[in-house]
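Remarks on the structure that follows.
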Amino acid sequence: MAQKKIALIGAGNIGGTLAHLCVLKGLGDVVLFDVIDGLPQGKALDMLEAGPIEGYDANITGTTSYADIAGADVCIVTAGVARKPGMSRDDLLGINCKIMSDVSSNIKQYAPDSLVIVITNPLDAMVTLTKRVTGFPKNRVVGQAGVLDSARYRTFIAQELCVSVQNVTAMVLGGHGDDMVPVRSYCQVGGVPIEKLISTARLEEIEQRTRQAGGEIVALLKTGSAFYSPASAAVQMAAAYLQDKKHILPCAAYLEGEYGIDGVYFGVPVSIGAGGVERVIEVDLSDKEKQEMEVSVGHVRELVTAMDALLEKGE
Ligand code: TXD
Numbered sequence: 005m006a007q008k009k010i011a012l013i014g015a016g017n018i019g020g021t022l023a024h025l026c027v028l029k030g031l032g033d034v035v036l037f038d039v040i041d042g043l044p045q046g047k048a049l050d051m052l053e054a055g056p057i058e059g060y061d062a063n064i065t066g067t068t069s070y071a072d073i074a075g076a077d078v079c080i081v082t083a084g085v086a087r088k089p090g091m092s093r094d095d096l097l098g099i100n101c102k103i104m105s106d107v108s109s110n111i112k113q114y115a116p117d118s119l120v121i122v123i124t125n126p127l128d129a130m131v132t133l134t135k136r137v138t139g140f141p142k143n144r145v146v147g148q149a150g151v152l153d154s155a156r157y158r159t160f161i162a163q164e165l166c167v168s169v170q171n172v173t174a175m176v177l178g179g180h181g182d183d184m185v186p187v188r189s190y191c192q193v194g195g196v197p198i199e200k201l202i203s204t205a206r207l208e209e210i211e212q213r214t215r216q217a218g219g220e221i222v223a224l225l226k227t228g229s230a231f232y233s234p235a236s237a238a239v240q241m242a243a244a245y246l247q248d249k250k251h252i253l254p255c256a257a258y259l260e261g262e263y264g265i266d267g268v269y270f271g272v273p274v275s276i277g278a279g280g281v282e283r284v285i286e287v288d289l290s291d292k293e294k295q296e297m298e299v300s301v302g303h304v305r306e307l308v309t310a311m312d313a314l315l316e317k318g319e
């Protein structure tokens, strides 16, 4: 049986980690693409040579030619620039806009039937641009933010209560900015609502740390941003698609009226299976959470407007 083909556009920190996770998990063959000649080829060869030790037979290749992504089942995009200390995700808009326009038109040409998972920041604008340039239907263009933001929330809750992360279920919705929405009303530990286990004041601190968790890592690393956890998050989404799991995951999906929001990419729970984003799941939110979603969607709309202005100026 032919292996699935996973194209990774961008072979930097997240791209390299993605490749490793894909082959370790047996998801398929991997093509690593980057504009820096030698980088994707070097990482691919290195990972290929780990195969005999790890026991994977996947084919891993590196390339600077888009023709090599032909026929990919999934494209995961990390191409672009990552933040440095003091930068917000939105500061990356101008530079990453140009990169994503180029990447998207090549995906359209060479992998027209793929599911595209966008990771590049500012995420909500970049996934919007990808859908526009590829012209792919909304079920085949999705952004990764919520799986990571929810994993961060889950990590902090598990640490606080000294329980396994596997016992913590939680969702973070909204845009991938500092006004993301940790949904406390759906956070449970072993089925017990979180508000019965942690005081409101402490929960607020944990949620604030969650909102700023990306920046916490940027401040520590100084030369880039998180990469292990974003890669794990995107691989979970890719696996849901390739293995038709119908996995419910919080992702940036194109909304057409769900949650009272129209015409924008926004973080909501979706079901991912062989059809890509098969369904948006609508859950009841508290009044406070609804308000927070409104603030967050306002920010996403501003970001898209700023992107449109840049594109219009040809910047
Ligand atoms: O959850 C999330 N969505 C994120 C997103 C969490 C963390 C980081 N997130 C963003 O992912 C971050 O702000 C960046 O915009 C991307 C990629 O982060 P990464 O840490 O992998 O950045 P690197 O190591 O700088 O890698 C980027 C690679 C690098 O090798 C460049 O040469 C390449 O992108 N690049 C390109 N590849 C293809 N095509 C073009 N045009 C191109 N330009 C640069």
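In terms of our numbering, the sequence shown opens at residue 5 and continues consecutively.
Heads up, the beta-carbon is just placed ideally off N, CA and C, and yes, glycines get one too.
Since we're looking at a predicted model, the values are computed, not measured.
Straight through space, the alpha carbons of residue 18 and residue 225 are spaced by roughly 14 angstroms.
Restricting attention to alpha helix (DSSP H) runs no shorter than 4 residues, the stretch 74 to 120 encloses them at 97 to 114, ordered along the chain. Short note on residue 214: C-beta not closer than 7 angstroms to any heavy atom of ligand 1. DSSP assignment within the stretch 199 to 251 yields the following whole alpha helix (DSSP H) runs of 4 residues or more, N-terminal first: 204 to 215, 217 to 225 and 232 to 246. When rounded, the separation of the alpha-carbon atoms in residue 223 and residue 90 is 8 angstroms.
At a threshold of 7 angstroms, residue 270 does not count as near ligand 1, since its beta carbon sits no closer than that to any of the ligand's heavy atoms. Per DSSP, reduced to three states, the secondary structure at residue 33 is strand. For residue 151, the enclosing alpha helix (DSSP H) stretches over residues 150 to 165.
Nearest to residue 70 by C-alpha distance, out of 35, 313 and 56, is 35. Judged by beta-carbon spacing, residue 244 lies beyond the 8 angstroms limit of residue 198, meaning their Cβ atoms are not closer than that value. Inclusion of residue 149 and residue 180 in the CB contact set at 8 angstroms is warranted, their separation being smaller than that value.
In the three-state reduction of the DSSP assignment, residue 255 falls in the strand class, which pools E and B. Just measuring C-alpha positions, the residue of 39, 25, 236 and 255 sitting nearest residue 84 is 39.
In the DSSP secondary-structure assignment, residue 11 is bridged to 35 and 79. Closest in alpha carbon position to residue 16, among 28, 7, 86 and 62, is 86.
Taking all protein chains shown into account, residue 207 has 16 or more neighbouring C-beta atoms within 10 Å of its C-beta and is therefore buried.
Pairing residue 195 with residue 127, the inter-Cα distance amounts to about 31 angstroms.
In terms of CA proximity to residue 119, 140 leads the group 107, 140 and 113.
At least one heavy atom of ligand 1 is found less than 7 angstroms from the C-beta of residue 234. Here residue 82 is buried. Its C-beta has 16 or more other C-beta atoms within 10 Å. One Cα belongs to residue 47, the other to residue 104, and the distance between them is close to 22 angstroms.
In the displayed model, residue 274 falls within a strand according to three-state DSSP. Across the structure, residue 249 and residue 278 are spaced so that their CA atoms are roughly 8 angstroms apart.
If you check the CB distance, residue 255 and residue 151 come in under 8 angstroms. Judged by the Cβ position, residue 113 fails to qualify as a neighbour of ligand 1 at the 7 angstroms threshold, every heavy atom of the ligand being at least this far. If you look at residue 281, you'll find it in the beta strand (DSSP E) that goes 280 to 284.
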